[in-house]
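Input: a single structure, listed below in structure tokens.
Protein chains: 2
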Amino acid sequence: MSAVTSTRVVLASRPHGEPTPDNFRTETVELPALSDGQVLLRTVYLSLDPYMRGRMNDAKSYAPPVAVGDVMVGATVSQVVESQSLRIEPGAYVLGYTGWQSHAVADVNSLRALYPDRAPLSTALGVLGMPGFTAYAGLLKIGRPQAGETVVVAAAAGPVGSAVGQIAKIHGARAVGIAGGAEKCGYLRDELGFDAAIDHRAEDFADQLKAAVPDGIDVYFENVGGPVTAAVLPLLNFYARIPVCGLVSQYNIVSAPEGPDRLPAFMGLVLTRSLTVRGFIQTEFIQEMSADFERDASGWLADGRLKHREDVVVGLEKAPDAFIGMLHGKNFGKLVVRVGPEQD
Amino acid sequence: MSAVTSTRVVLASRPHGEPTPDNFRTETVELPALSDGQVLLRTVYLSLDPYMRGRMNDAKSYAPPVAVGDVMVGATVSQVVESQSLRIEPGAYVLGYTGWQSHAVADVNSLRALYPDRAPLSTALGVLGMPGFTAYAGLLKIGRPQAGETVVVAAAAGPVGSAVGQIAKIHGARAVGIAGGAEKCGYLRDELGFDAAIDHRAEDFADQLKAAVPDGIDVYFENVGGPVTAAVLPLLNFYARIPVCGLVSQYNIVSAPEGPDRLPAFMGLVLTRSLTVRGFIQTEFIQEMSADFERDASGWLADGRLKHREDVVVGLEKAPDAFIGMLHGKNFGKLVVRVGPEQD
């Protein structure tokens, strides 16, 4: 057959602070022929997640940066177009990590089969995928909420935060969400059953937060950093736990902000309140917890205790703008790009 | 018998920043008569420890502050002068918490018997007491050093730090101490068997530290904060653990230092290296670990694997100056005040 091409979004240049559309470039490349054990994939959904901002920098982290000129990384739901493996047939759906592109060649060993009759395909990128697992592992393994304790989560209307609050409730804790705007806060309270939801854009945000946690805060699930964290810190109880999952408010910071230097006071609080502050990446817990997660999350999803919401952008060419907007909280629900139709 | 008096050092005023001798006042009071279950104690040794600086402030912490006019708190080794309890006889030695004074009336239930034939009496305030237990619990429970890992400890010539390094060695880890001055560093290397010891006063301190940890740092036992911590942070490995035991360099800080604000970068490091930062007070672990500690520490002390050093100041009237000096690292070894002779 004739050569297959892939339209893809590559990292054109590294951002200095805020990413701009100029940091991305769309190009079309010819894909190589399949070797044994490989499949040709057509991307259906591309996941956009805050961690991708870190991969755009050339900095030491848990994962290597994306090289300039390389395709942007990302989890994908794809349909198999052609297979050189006995293990998978054309037409099947798979979860992979093929990035911001319309087609890809992948080793079958790097893929996981998906079954559209069991759950909507896109949930593999959200509530049943990495974001859901991040919430589950970080909350249960590091946050360890006890019945009656108060759990506060930032970016609470996002895919991680909304799962954190709901799983906290399932475990008998009080869930307080922090989100941007009245619409997201109403959703948290009315649709997801959070005990309280506070708009971090409100002028009296810190006072509202204090009023919402009369018994203090036992677990603060950190997704954002910045002023939200500053309002949370004085409310932390002795032995409070802070799973540090993300810091989206500071990903675009270029140099240390002006003073005063808040680090000494923070360390003093860690000491005098016996706090646990623990950074994590969900991959650390996959071996230990993924089977439990799959059983629990699919059960909760089926019985309605775990709800989710998606923000679907149509067309790969919209990915850069959607990604830039997400870093400012413009999405409402798990942000995915529909790169192609579910059925070809 | 005629009334017994006690000479005692009280908190005269709260310090603003550095404590000064004016913050203390010596006075003599008449002690009340003994009730049932009480004993009259004559203080032999008073322990001076950095945590006492925190008690001089009127701030929310794990323990209430000392009230202005009250006797300064502190652990003591005392001899029983008179007893209204069948459980203890005059002449016996006890560990108590009677503070900076020559005599005290105490409930027998608040005391623990000491046996001078088993270990020198003053070790109950140091290597076999709270500082030793702090090192043991914080290192083993939070730091969890594995064989071959690198443990760095600040204030390493002090009673907690010296035990941390030695217990790390006993568990097969590499121990690197940070201390002030060549004499203390030599002691750590030559007497205590640390793998390296770095003088934080050296101009090229950060470079020396980096050279001493070719495999990075897996556990940083935090006693000091400030510039020492700043040099440690870039050297931390993925999954490093930081038991936060003390922050002696910042106890006298009155307001947040000038910027830049280092908190965002610190949280970023916690996230990208999956760090664990955990404040603690040794009391948290007493129920769980004190029996193990007593068995292990007395065994190691007896077989020479756990060495210790004391800095003994003679006379209660010297306590304020000795305490102020300790906050600047002027002591060399566990600082104790000999308030009275061991044998009356």
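From first to last, the protein sequence lines stand for chains A and B. In terms of full-length UniProt numbering, the first sequence opens at residue 1 and continues consecutively. In terms of full-length UniProt numbering, the second sequence opens at residue 1 and continues consecutively. Beta carbons: idealized from backbone N, C-alpha and C, even for Gly. Only a predicted model underlies this, so the values are computations on that prediction, with no experimental measurement involved.
Per the DSSP secondary-structure output, A230 (chain B) pairs with nothing in a beta bridge.
For G177 (chain A), the enclosing beta strand (DSSP E) stretches over residues R174 to A179. The alpha-carbon separation between A155 (chain A) and D215 (chain B) amounts to approximately 37 Å.
Taking R42 (chain A) as reference, the option from A:P50, A:V105 and A:L327 with the minimal CA-CA separation is A:V105. Rounded to the nearest angstrom, the Cβ distance from V176 (chain B) to D195 (chain B) is 6 Å, consistent with a contact under 8 Å. Shown in chain order are the members of the stretch 270-287 of chain A whose Cβ falls below 7 Å from a Cβ of chain B: V270, L271, T272, R273, S274, L275, T276, V277, R278, G279, F280, I281 and E284. Rounded to the nearest whole angstrom, the CA to CA distance from L233 (chain B) to D218 (chain A) is 27 Å. Nearest neighbour of K330 (chain B) by Cα position, chosen from B:E310, B:Q343 and B:L140, turns out to be B:E310. Around the beta carbon of H328 (chain B), fewer than 16 other beta carbons sit within 10 angstroms, so the residue counts as exposed. Take the alpha-carbon of T283 (chain A) and the one of Y51 (chain A): they are about 13 Å apart. In the DSSP assignment, S47 (chain B) is bridged to B:V336. Taken through DSSP and simplified to helix, strand or coil, Y187 (chain A) comes out as helix. Going by DSSP, A104 (chain A) is part of the beta strand (DSSP E) stretching over H103 to D107. In terms of Cα proximity to H16 (chain A), the closest of A:S78, A:Y251, A:V153 and A:Q79 is A:Y251. By the rule that beta-carbons nearer than 8 Å mark a contact, Q79 (chain B) does not touch chain A. DSSP places L269 (chain A) in no beta strand (DSSP E) but in the uninterrupted alpha helix (DSSP H) bounded by L263 to T272. Not flagged as an interface residue toward chain A: P145 (chain B), since no C-beta distance is shorter than 8 Å. Comparing C-alpha distances from R295 (chain B) to each of B:G54, B:S85 and B:G129 shows the shortest one belongs to B:G129.
A59 (chain B) carries a coil assignment under DSSP once its states are collapsed to helix, strand and coil. Annotation note: the stretch 86-159 of chain B contains the following uninterrupted beta strand (DSSP E) runs of length 3 or greater, listed N- to C-terminal: 93-96, 103-107, 112-114 and 150-153. Residue contact with chain A for V224 (chain B): absent (no Cβ-Cβ distance below 8 Å to any residue of chain A).
Any Cβ of chain B closer than 8 Å to the Cβ of M267 (chain A) would place that residue at the interface, and such an atom is present. When DSSP assignments are scanned along the stretch 208-253 of chain A, the uninterrupted stretches of beta strand (DSSP E) that are 3 or more residues long and fall wholly within it turn out to be 217-221 and 236-244.
At a Cβ-Cβ threshold of 8 Å, V339 (chain A) and L114 (chain A) do not count as neighbours.
Residues of the stretch 243-260 of chain B whose Cβ lies closer than 8 Å to any Cβ of chain A, in chain order: V244, C245, G246, L247, Q250, I253, S255, A256, P257, E258, G259 and P260.
For the 8 Å CB-CB criterion, Q38 (chain A) and V108 (chain A) form a contact. Here the alpha carbon of S290 (chain B) sits roughly 19 Å from the alpha carbon of G279 (chain B).
The beta carbons of V244 (chain A) and M267 (chain B) sit closer together than 8 Å. With the rule of 3 Cβ pairs closer than 8 Å, the stretch 178-185 of chain A counts as touching the stretch 156-170 of chain A. Taking C-beta separations shorter than 8 Å and ignoring five residues to either side along the sequence, the partners of A202 (chain A) in its chain run Q208, following chain order. What L263 (chain B) touches in chain A, judged by beta-carbon distance under 8 Å, is D261, R262, L263 and F266, going in chain order. Exclusion of the five residues before and after P320 (chain B) leaves V9, P21 and F24 as the residues of its chain whose Cβ lies within less than 7 Å of its Cβ. One alpha carbon belongs to G132 (chain A), the other to D58 (chain A), and they sit about 28 Å apart. The three-state reading of DSSP puts T283 (chain A) in helix, counting H, G and I together. For G74 (chain A) against L48 (chain A), the beta-carbon gap comes to about 7 Å, under 8 Å, which counts as contact.
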